[in-house]
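Asker: The structure is given below, and queries will be raised subsequently.
Numbering (the numbering used here), first residue to last: 44 to 679.
Okay, structure coming up:
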């Protein structure tokens, strides 16, 4: 019965997210992913996607539709999540309402399962179990995972983690009963762990959590008489084998090996822009910053006041030196965590130990400890660890309410705690509801990003893209320039700035705009030598300036970086088929040049000198066909 109010709370607080549109990563992972929509022929979609053109392409592509073995792939292999998107698409096409309904339903299911886990597996009271699940259901940190449709990967992983843990705990509980086959429950646990890994990469932590839980359960067992003389022998002869720890270790090794073999040992390639902390040149700064990031994540769980859909581009300044005050926060955090673990271990507090391992282990794959990841902080990654955090809060409230010298004091404390919980629930609900509104569409999301992190270059870049699409080019230019000012090596912002400058250029400033646009494209290539669109856009400029050889060189470089670049292939074919511009365009140019010369001759004396040849600004100003082609072919 404790799950019913939790389900209602989880569904109610996210009700206003159902009308949201596809935003941010949804556009790449769903609407623009042929693995989901099945649109296009083989090889369509993102560059490097597998070319079989079948409904099973998603099994060897990454989350974004790129072939997993492609060097540009992010190696985010999540076929189960993609499969659920495919089912959504089969049922309702690209109607975002149905996708949001699935996300909210899954979130409510996770919340109910959490209440079940706390009550049945951890043996907590109904009140504590309900409070844990209720806090989880309404916590604002989950808005990115629930309101952002691609956050379904985290919800699915958490759901399957709970199923795996419940099954694993059931297998351990009935292992001593001869009439019950515990192996069936163990199979369910391992299969659920496999599916969790197929939903998202942090699913690899599911079985290690189960292994650690077995060790905790054996340690906390009242019948366990572990001494230096018989402890190891007792563990090896009985409980270790019966609990399935060895089987869990073997399954973990098998899953991890399969995951590594699937991508043939390749690691994703990211840049300093994605994760400045992992790419800091100073080792001390890199280590201190990476040690501080878990503290920052914990701060988001404790006080989800400042939330953002993206934390890249220096949103969190690097911890440069030991004198930085944030180092004190790091020391305090790790001291508290170590002290809590030691206290819970010595006093055999299973629930606290469980909450600690759930908070820590799922974050290890994204901690930069094993390899650099493509982000600094991602709120959706806190979906699974927040299970442990909400449990700690509920256990703390239970402890405060139950302690006291007299019944009157306990009643007073319960009233105070009830008021505090009501205030906390109200603040969480309001924050989650308003944050859902931020995820409603691109405009609200990007505006919220500017409000939250005005010094984040990517916020200005995304907002500039929105303004460009809506035709407010002057505003877009200002924000592109601000993004470059905040992040001088922002190649995409430089490329887009160049395209928008040429699009909005007036007749009076074409020459200066042309120079600035060229500089933007060259700067983009200088900052990011593999920027395909900057090569292509620069090739278009040189082609329109009749610098054919330079245009050919850039097109060849563009196709070397991306052999399937359609526009580059078309332009290259055109240049190879004709040495001069199209006859119709040439005749139009000649006519316009003659008209220009006649006008100048009429305005000048007969003995004036030779008329200057038309400048670059002239052909951009006079040739409307070329200007239209630029607007159509420029790539952002």
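Every residue, glycine too, gets a C-beta built ideally from N, C-alpha and C.
Given the structure is predicted, the values throughout are model-derived calculations rather than measurements.
Using three-state DSSP, classify residue 321 as helix, strand or coil.
Answerer: Looking up residue 321 in the chain shown gives position 278. Reduced to three states, the DSSP call for residue 321 is coil.
Asker: With a threshold of 8 Å, are at least 3 pairs of Cβ atoms found where one atom belongs to the segment 227-237 and the other to the segment 203-214?
Answerer: Short answer: they touch.
Asker: If we count Cβ pairs, one from each stretch, closer than 8 Å, do we get three or more for the segment 346-359 versus the segment 428-438?
Answerer: The segment 346-359, when compared against the segment 428-438, does not touch it at the 8 Å Cβ threshold.
Asker: Grab the span of the alpha helix (DSSP H) containing residue 79 for me, first residue to last.
Answerer: By 1-based counting over the chain shown, the position of residue 79 is 36. Residue 79 -> alpha helix (DSSP H) spans 77-80.
Asker: Closest to residue 460 by CA distance: which of 115, 142, 442 is it?
Answerer: As a working mapping, residue 460 is identified with position 417 in the chain shown. Measuring from the Cα of residue 460, the nearest candidate turns out to be 442.
Asker: Exposed or buried, what is residue 481 when buried is set at 16 or more other beta-carbons lying within 10 Å of its beta-carbon?
Answerer: Numbered from its first residue, the chain shown carries residue 481 at position 438. With 16 or more Cβ atoms within 10 Å of its Cβ, residue 481 is classed as buried.
Asker: With 16 as the cutoff for other CB atoms within 10 Å, does residue 63 come out buried or exposed?
Answerer: As a first step, residue 63 is located in the chain shown; it is residue number 20 there, counting from the start. Buried, since its Cβ has 16 or more Cβ neighbours within 10 Å.
Asker: Can you give, in chain order, each stretch of the alpha helix (DSSP H) that sits fully within the segment 89-158 and has at least 4 residues?
Answerer: Complete alpha helix (DSSP H) runs here, min 4: 122-135.
Asker: Quick one: which unbroken alpha helix (DSSP H) runs of 4-plus residues sit fully inside the segment 193-232? Chain order, please.
Answerer: Taking only runs of at least 4 residues, the alpha helix (DSSP H) segments lying wholly in the segment 193-232 are 195-216.
Asker: Pull up the distance between the alpha-carbon of residue 583 and that of residue 423, whole angstroms please.
Answerer: Counting from 1 along the chain shown, the entry for residue 583 is found at position 540. Counting from 1 along the chain shown, the entry for residue 423 is found at position 380. Taking the straight line from one Cα to the other gives about 40 Å.
Asker: Measuring straight from C-alpha to C-alpha, what distance separates residue 474 and residue 141?
Answerer: Along the chain shown, one-based indexing puts residue 474 at 431. Along the chain shown, one-based indexing puts residue 141 at 98. In a straight line, the C-alpha of residue 474 is about 24 Å away from that of residue 141.
Asker: Give the DSSP-derived three-state secondary structure of residue 683 in the structure shown.
Answerer: Given that the chain is displayed from residue 44 to residue 679, the structure contains no residue 683 and the question cannot be resolved.
Asker: Using a Cβ-Cβ cutoff of less than 8 Å, which residues in the same chain neighbour residue 506 once the five nearest sequence positions on both sides are dropped?
Answerer: Locating residue 506 in the chain shown gives position 463, where the first residue counts as 1. If we look at residue 506 and ignore the five residues flanking it on each side, its Cβ neighbours are 489, 490, 492, 493, 522.
Asker: Taking all protein chains shown into account, do 16 or more other C-beta atoms lie within 10 angstroms of the C-beta of residue 130, making it buried, or fewer, making it exposed?
Answerer: The sequence position of residue 130 within the chain shown is 87, counting from 1. Residue 130 comes out exposed.
Asker: Since residue 53 contacts residue 154 with CB under 8 Å, what's their CB separation in whole angstroms?
Answerer: The count along the chain shown starts at 1 and reaches residue 53 at position 10. The count along the chain shown starts at 1 and reaches residue 154 at position 111. Yes, they are in contact, since the Cβ atoms of residue 53 and residue 154 sit about 4 Å apart, within 8 Å.
Asker: I need the straight-line Cα distance from residue 171 to residue 437, nearest angstrom please.
Answerer: As a working note, residue 171 is residue 128 in the chain shown. As a working note, residue 437 is residue 394 in the chain shown. Approximately 6 Å, taken between the alpha carbons.
Asker: Counting only the same chain and skipping the five closest in sequence on each side, list residues whose C-beta sits under 7 Å from that of residue 67.
Answerer: On the chain shown, position 24 is the one that residue 67 refers to. Excluding sequence neighbours, residue 67 sits near 191, 352, 488.
Asker: Can you tell me the Cα-Cα spacing of residue 363 and residue 311, whole angstroms?
Answerer: Residue 363 sits at position 320 when you count from the first residue of the chain shown. Residue 311 sits at position 268 when you count from the first residue of the chain shown. So the two alpha carbons sit approximately 26 Å from each other.
Asker: How about residue 683 and residue 76: are their beta carbons less than 8 Å apart?
Answerer: Lying outside 44 to 679, the shown extent of the chain, residue 683 is not represented and no answer is given.
Asker: Suppose the cutoff is 7 Å on Cβ atoms and the five residues either side in sequence are ignored; what does the same chain contact list for residue 157 look like?
Answerer: Taking the first residue of the chain shown as position 1, residue 157 is located at position 114. So the list reads 175, 176, 179, 205, 430, once near-sequence residues are dropped.
Asker: Under DSSP, the alpha helix (DSSP H) around residue 410 begins and ends at which residues?
Answerer: Residue numbering aside, residue 410 sits at position 367 when the chain shown is read from its first letter. First-last for residue 410: undefined, no H or E at that position.
Asker: Closer than 8 Å by C-beta to residue 247: which residues in its own chain qualify, once you throw out the five before and the five after it? Chain order, please.
Answerer: As a working mapping, residue 247 is identified with position 204 in the chain shown. Within the same chain, residue 247 has close Cβ partners 240, 295, 298, 299, 302, 408.
Asker: Does the distance from the C-beta atom of residue 526 to that of residue 536 stay below 8 Å?
Answerer: Taking the first residue of the chain shown as position 1, residue 526 is located at position 483. Taking the first residue of the chain shown as position 1, residue 536 is located at position 493. For residue 526 and residue 536, yes; Cβs fall inside 8 Å.
Asker: Quick one: residues in its chain with C-beta nearer than 6 Å to the C-beta of residue 611, no 5 flanking neighbours on either side, listed in chain order?
Answerer: Locating residue 611 in the chain shown gives position 568, counting from the first residue. Contacts found: 579, 598, 601, 602.
Asker: What's the C-alpha gap between residue 432 and residue 400?
Answerer: Here residue 432 corresponds to residue number 389 of the chain shown, with the count starting at 1. Here residue 400 corresponds to residue number 357 of the chain shown, with the count starting at 1. Near 10 Å, if we compare the C-alpha coordinates of residue 400 and residue 432.
Asker: In the DSSP assignment, find the unbroken alpha helix (DSSP H) run with residue 543 in it and report its ends.
Answerer: The residue labelled residue 543 in the question sits at position 500 within the chain shown. 534-547 is the span of the alpha helix (DSSP H), which, as asked, contains residue 543.
Asker: Would you mind sorting residue 316 into buried or exposed? The rule is 16 or more other CB atoms within 10 Å of its CB.
Answerer: On the chain shown, position 273 is the one that residue 316 refers to. With 16 or more other Cβ atoms within 10 Å, it is buried.
Asker: Drop a sphere of 10 angstroms on the beta-carbon of residue 133, count the other beta-carbons inside from all chains shown, and report buried for 16 or more, exposed for fewer.
Answerer: Numbered from 1 along the chain shown, position 90 holds the residue referred to as residue 133. Classification of residue 133: exposed, given that the 10 Å Cβ count is below 16.
Asker: Taking 7 Å as the limit between beta carbons, can you name the residues of its chain near residue 392, skipping five residues before and five after?
Answerer: Position 349 of the chain shown, counted from the first residue, corresponds to residue 392. Here the set comprises nothing.
Asker: How should residue 139 be labelled, buried or exposed, when 16 other C-beta atoms within 10 angstroms of its C-beta is the threshold for buried?
Answerer: As a position in the chain shown, residue 139 is number 96, starting the count at 1. Counting Cβ neighbours within 10 Å, residue 139 comes out buried, since at least 16 surround it.
Asker: Whose C-alpha, out of 454, 449, 434, 569, is nearest the C-alpha of residue 168?
Answerer: Here residue 168 corresponds to residue number 125 of the chain shown, with the count starting at 1. Of the candidates 454, 449, 434, 569, the one whose C-alpha sits nearest the C-alpha of residue 168 is 434.
Asker: Of all the options 383, 162, 104, 577, which has the alpha carbon lying nearest to the alpha carbon of residue 122?
Answerer: Taking the chain shown and counting its residues from 1, the one referred to as residue 122 is at position 79. Checked all of 383, 162, 104, 577; the closest Cα to residue 122 is 104.
Asker: Note down, in chain order, each residue of its chain lying with its Cβ closer than 7 Å to the Cβ of residue 188, except the 5 sequence neighbours on either side.
Answerer: In the chain shown, the residue the question calls residue 188 occupies position 145. Answer for residue 188: 194, 197, 198, 423, 426, listed in chain order.
Asker: In angstroms with no decimal places, state the Cα-to-Cα distance between residue 238 and residue 113.
Answerer: As a working mapping, residue 238 is identified with position 195 in the chain shown. As a working mapping, residue 113 is identified with position 70 in the chain shown. One C-alpha to the other measures close to 24 Å.
Asker: Assuming contact is defined by CB atoms lying nearer than 8 Å, are residue 126 and residue 101 in contact in what I supplied?
Answerer: Within the chain shown, the letter at position 83 stands for residue 126. Within the chain shown, the letter at position 58 stands for residue 101. Against a cut-off of 8 Å, the Cβ pair of residue 101 and residue 126 comes out as a contact.
Asker: Would residue 379 be called buried (16 or more neighbouring beta carbons within 10 Å of its own) or exposed?
Answerer: Walking along the chain shown from the start, residue 379 turns up at place 336. Its Cβ having fewer than 16 others within 10 Å, residue 379 is exposed.
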